[in-house]
DNA sequence: AGAAAAATTATATGGTCGTATAATATCTCT
DNA sequence: AGAGATATTATACGACCATATAATTTTTCT
């Protein structure tokens, strides 16, 4: 056989990242149908065999892409939060506002997550990744909320539950808006998030 | 060719329902991979050709299954609400508690919805169904909330936003718990829902 | 009872899927 | 410069996919 086409040899970790990014683009374009070794390889400008070589089976590539995306999104939001004024209220509101920024509040981004959710429900490997990433997310939110509550002098009986609720609210709004952008305006989403914070301050979780 | 196997001829609407129900079972079992004419036909004890005959293309069958499921779920919850005491507070709390009942707060049920969400994002036909069903859902919730607010003497500046937020919270909790049942207990989910109502009463949306 | 209509089966076709295998190009190290 | 290591290509295989077409059974209507 002639492997006649010239190619560039790359470090395994680079290739793995390239393939993961190509997978995300394919999923954006075609949803579940985009999860295909052939399509992903073509998108990465590479042959299918490379996926087998670097990941063994394609599910492992998808799980890698999932980790990449999850870390990237939390990193993006928290980076914005850390650039807000050090005031706890400002930080919490920066979290809300950035969660609704076009970079995250986006149909393409949700489309990728929906595919991941479907896989999490049927794959132990994906489920394991999700558990770690969800926990990290909730802990981050819990800290933002606890700092805010302390600064405002509000008592919160169970900060963990508050964080879970707030996270769920944001995810639910994200989901609803992406599925049907006519349902409400992003600014209305921000308003709903801030109303939740107002409820917290008024003692809903006391 | 010999169509040798005996078969029972059924009314088109019956067959369509049978096929839709078989589709739901297939999706429960295998997620996106369960959306397959062959598998669904086998699950329904029927030949693939019947799907073509009754639905034209398989996407139309899936959309039909979606409508069936959405109507069934809202019907189930509202049936329970209508069996609660006529008091607005009792009705709203019945809504929360029943949303977290094992019939709905269920990994299998979420698994079906996740598949639908994925399709909604990429199919105008599915998106059209979703718009109608989401609107009906929010309007129902808005009425429950408005009645509650009136009974408690709370003002709500924008009842629509409150209903969207409450719906998003419930969906987000459903999603989070199904993806990772260790994250919190269903009773904690009910508590979070009731805390949201408490916030509403305290004036979070005033 | 007999014929027309429609539901259902049976089969064929062309495409895509995941992955295994072997050949080969590129790189690194000495 | 040359050899070993491995990243990468090329190709093959069997399974499943959606859907079209034609044959056949069941039902209905008279």
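Chains as they are written, first to last, in our numbering: chain Y, 65 to 270; chain F, 65 to 270. Backbone N, C-alpha and C define an ideal beta-carbon position, used for all residues, glycine too.
Short of 6 Å in beta carbon distance, which residues of its chain neighbour residue i, apart from the five on each side in sequence? Order them along the chain.
| i | result |
| --- | --- |
| residue 91 of chain F | 98, 176, 179 |
| residue 65 of chain Y | With a pLDDT of 45 at residue 65 of chain Y, under the threshold of 50, the predicted position of this residue should be treated as unreliable, though the coordinate-derived value follows. Same-chain partners within the cutoff: there are none. |
| residue 210 of chain F | 223 |
| residue 219 of chain F | 270 |
| residue 242 of chain Y | 171, 174 |
| residue 89 of chain F | 107 |
| residue 184 of chain F | 190, 191, 194 |
Give the residues of chain Y in contact with residue i, contact being defined as C-beta atoms less than 9 Å apart.
| i | result |
| --- | --- |
| residue 171 of chain F | 185 |
| residue 247 of chain F | 195, 198, 199, 202, 228 |
Compute the distance between the beta-carbons of residue i and residue j, then report whether it is under 7 Å.
| i | j | result |
| --- | --- | --- |
| residue 190 of chain Y | residue 127 of chain Y | yes |
| residue 182 of chain Y | residue 95 of chain F | yes |
| residue 87 of chain Y | residue 115 of chain Y | no |
| residue 256 of chain Y | residue 253 of chain F | no |
| residue 240 of chain Y | residue 205 of chain Y | no |
| residue 198 of chain Y | residue 244 of chain F | yes |
| residue 156 of chain Y | residue 225 of chain Y | no |
| residue 134 of chain F | residue 162 of chain F | no |
| residue 235 of chain Y | residue 236 of chain F | yes |
| residue 216 of chain F | residue 265 of chain F | yes |
| residue 108 of chain Y | residue 82 of chain Y | yes |
| residue 132 of chain F | residue 84 of chain F | yes |
| residue 158 of chain Y | residue 148 of chain Y | yes |
| residue 259 of chain F | residue 268 of chain Y | yes |
Would you mind telling me which residues of chain Y sit closer than 8 Å to residue i, beta carbon to beta carbon, in chain order?
| i | result |
| --- | --- |
| residue 272 of chain F | Nothing can be reported for residue 272 of chain F: it is not among the residues displayed for chain F, which extend from 65 to 270. |
| residue 229 of chain F | 233, 237, 256, 259, 260 |
| residue 130 of chain F | Those within 8 Å of residue 130 of chain F in chain Y number zero; the least Cβ separation is about 12 Å. |
| residue 266 of chain F | 263, 266, 267, 268 |
| residue 178 of chain F | 178, 181, 182, 185 |
Please list, in chain order, all residues of the same chain as residue i whose beta carbon is under 7 Å from its beta carbon, the five residues on each side excluded.
| i | result |
| --- | --- |
| residue 130 of chain Y | 180, 190, 193 |
| residue 238 of chain F | 169, 174 |
| residue 201 of chain F | 138, 231 |
| residue 251 of chain F | none |
| residue 118 of chain Y | 76, 79, 80, 83 |
List, in chain order, every chain F residue whose beta-carbon is nearer than 9 Å to that of residue i.
| i | result |
| --- | --- |
| residue 239 of chain Y | 181, 232, 235, 236, 239 |
| residue 174 of chain Y | 181, 185 |
Quick one: which chain F residues come within Cβ less than 7 Å of residue i?
| i | result |
| --- | --- |
| residue 269 of chain Y | 259 |
| residue 114 of chain Y | Chain F residues near residue 114 of chain Y: none, gap ~24 Å exceeds 7 Å. |
Leaving aside the five residues before and after residue i along the sequence, list all residues of the same chain whose C-beta is less than 8 Å from its C-beta, in chain order.
| i | result |
| --- | --- |
| residue 137 of chain Y | 168, 173 |
| residue 203 of chain F | 227 |
List the residues of chain F that residue i touches, going by C-beta distances under 8 Å, in chain order.
| i | result |
| --- | --- |
| residue 119 of chain Y | Near residue 119 of chain Y there are no residues of chain F at all, since even the closest Cβ is about 19 Å away, more than 8 Å. |
Residues from the stretch 190–214 of chain Y in contact with chain F, defined by Cβ distance under 7 Å = From the stretch 190–214 of chain Y, only 194, 195, 198 have a Cβ closer than 7 Å to chain F.
Scan the stretch 250–262 of chain F for residues whose Cβ lies nearer than 8 Å to a Cβ of chain Y and list them as they occur along the chain.
-> Those would be 252, 255, 256, 259, 260, 262, in chain order.
Could you name the residues of the stretch 156–168 of chain Y whose beta carbon sits closer than 7 Å to any beta carbon of chain F, in the order they occur along the chain?
-> Hits within the stretch: zero.
Got a sec: which bits of the stretch 71–96 of chain F sit with their beta carbon under 8 Å from any beta carbon on chain Y, in order along the chain?
-> Taking 8 Å as the Cβ-Cβ cut-off against chain Y, the residues of the stretch 71–96 of chain F that qualify are 94, 95, 96.
Residues in the stretch 122–147 of chain Y having any Cβ partner in chain F nearer than 8 Å = Residues of the stretch 122–147 of chain Y with a C-beta atom less than 8 Å from some C-beta of chain F do not occur.
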